[in-house]
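Trainee: Okay, handing you the structure first.
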Amino acid sequence: MKILQVSAVVVVLDQITKALTRSYLDLYDSVPVITNFFHLTYVTNDGMAFGLNFPGGSYVFLFISIILTIVIFMYLWKEQNNHMLMRLSLALILAGAVGNLIDRILFGQVVDFFDFMIGDYHWYIFNVADSAVTIGMILFLYFSFIIQPKLQTKTVS
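To convert, count from 1 in the sequence shown and add 267; that's the working numbering.
Set out below in structure tokens:
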């Protein structure tokens with residue numbers, strides 16, 4: 268499936284940016300790109316999205332990540348002849364899952380570094396893989412609730 272090339276590119280980009288972060292920043296260092304709006308801040312996360320965590324959870328998250336990655340891949344395989352937007356959304360979600368799974372397996376935690384803020388308000392620090400999952404989910408929802416109903420209406424007509 269050619270769409271897996273999209274996943275591969277995103278995973279490689281994710282891993283390169285994380286390696287650069289580990290190489291050039293010390294943990295908790297923050298480098299302003301646009302002062303008081305966008306910084307590169309090196310943090311790690313051994314929990315789930317948005318820093319959610321519980322004691323002993325890293326093994327649970329690793330197991331869940333592996334299962335979800337397999338499920339997403341199987342769903343993408345099942346949808347290989349479906350609409351391109353559906354396949355793209357799943358490829359991005361898969362790439363994000365794989366990117367963070369690699370970190371969990373190799374390091375026991377995920378590297379995050381994109382740090383957006385407005386004044387004193389900081390959004391959660393995230394990475395390329397997190398971005399891919401978020402964009403993939405937005406596209407998936409858009410396809411499911413906007414595009415697919417229109418396609419079904421055309422099929423019924």
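The C-beta atom is built at its ideal place from N, Cα and C for all residues, glycine as well.
(1) Under 8 Å between the Cβ atoms of Leu361 and Phe340?
(2) Relative to the alpha-carbon of Ile283, which residue among Arg371, Asn394 and Asn312 has its alpha-carbon at the smallest distance?
(3) Go ahead and label Ala358 buried or exposed: buried means 16 or more other beta carbons lie within 10 angstroms of its beta carbon, across all protein chains shown.
(4) How long is the line joining the alpha carbons of Met384 and Met351, rounded to whole angstroms?
(5) With H, G and I counted as helix, E and B as strand and the rest as coil, what does DSSP make of Phe330?
(6) If you run the structure through DSSP and keep just helix, strand and coil, what is Ile360?
(7) Any idea which residues DSSP pairs Met384 with across the strands?
(8) Who are the near neighbours of Val298 in its chain, counting only those whose CB is closer than 8 Å to its CB and skipping five residues on each side?
(9) Along the chain, where does the alpha helix (DSSP H) containing Phe407 start, and where does it finish?
(10) If contacts are defined as beta-carbon pairs under 8 Å, then Ile218 and Phe374 qualify, I think. What distance do you get, rounded to the angstrom?
(11) What does the alpha-carbon distance come out to for the pair Leu368 and Lys417?
(12) Return the Cβ separation of Gly314 and Phe328 in integer angstroms, given the expectation that the two are a contact with Cβ distance under 8 Å.
Mentor: With the structure as the only source:
(1) Within the sequence shown, the letter at position 94 stands for residue 361. Within the sequence shown, the letter at position 73 stands for residue 340. Their beta carbons are under 8 Å apart, which means Leu361 touches Phe340 by this criterion.
(2) Here residue 283 refers to the residue found at position 16 of the sequence shown. When only C-alpha atoms are compared, the closest one is Asn394.
(3) On the sequence shown, residue 358 is found 91 positions in, with the first residue counted as 1. It is buried - the Cβ of Ala358 has at least 16 other Cβ atoms within 10 Å.
(4) Numbered from its first residue, the sequence shown carries residue 384 at position 117. Numbered from its first residue, the sequence shown carries residue 351 at position 84. Spanning the two alpha carbons is a distance of roughly 34 Å.
(5) By 1-based counting over the sequence shown, the position of residue 330 is 63. Note: Phe330 maps to helix in three-state DSSP.
(6) Taking the sequence shown and counting its residues from 1, one reaches residue 360 at position 93. In the three-state DSSP reduction, Ile360 falls in the helix class (H, G or I).
(7) Looking up residue 384 in the sequence shown gives position 117. The partner list for Met384 (beta bridge, DSSP) reads His389.
(8) Along the sequence shown, one-based indexing puts residue 298 at 31. Cβ within range, chain order: Leu292, His306, Leu307 and Thr308.
(9) Position 140 of the sequence shown holds residue 407. Element bounds for Phe407: Val395 to Tyr409.
(10) The question about residue 218 has no answer here: the residues shown for the chain are numbered 268 through 424.
(11) Residue mapping note: residue 368 aligns to position 101 of the sequence shown, counting from 1. Residue mapping note: residue 417 aligns to position 150 of the sequence shown, counting from 1. Going by the C-alpha atoms only, they are around 35 Å apart.
(12) Locating residue 314 in the sequence shown gives position 47, counting from the first residue. Locating residue 328 in the sequence shown gives position 61, counting from the first residue. Their Cβ separation, rounded to whole angstroms, is 7 Å, which keeps Gly314 and Phe328 in contact under 8 Å.
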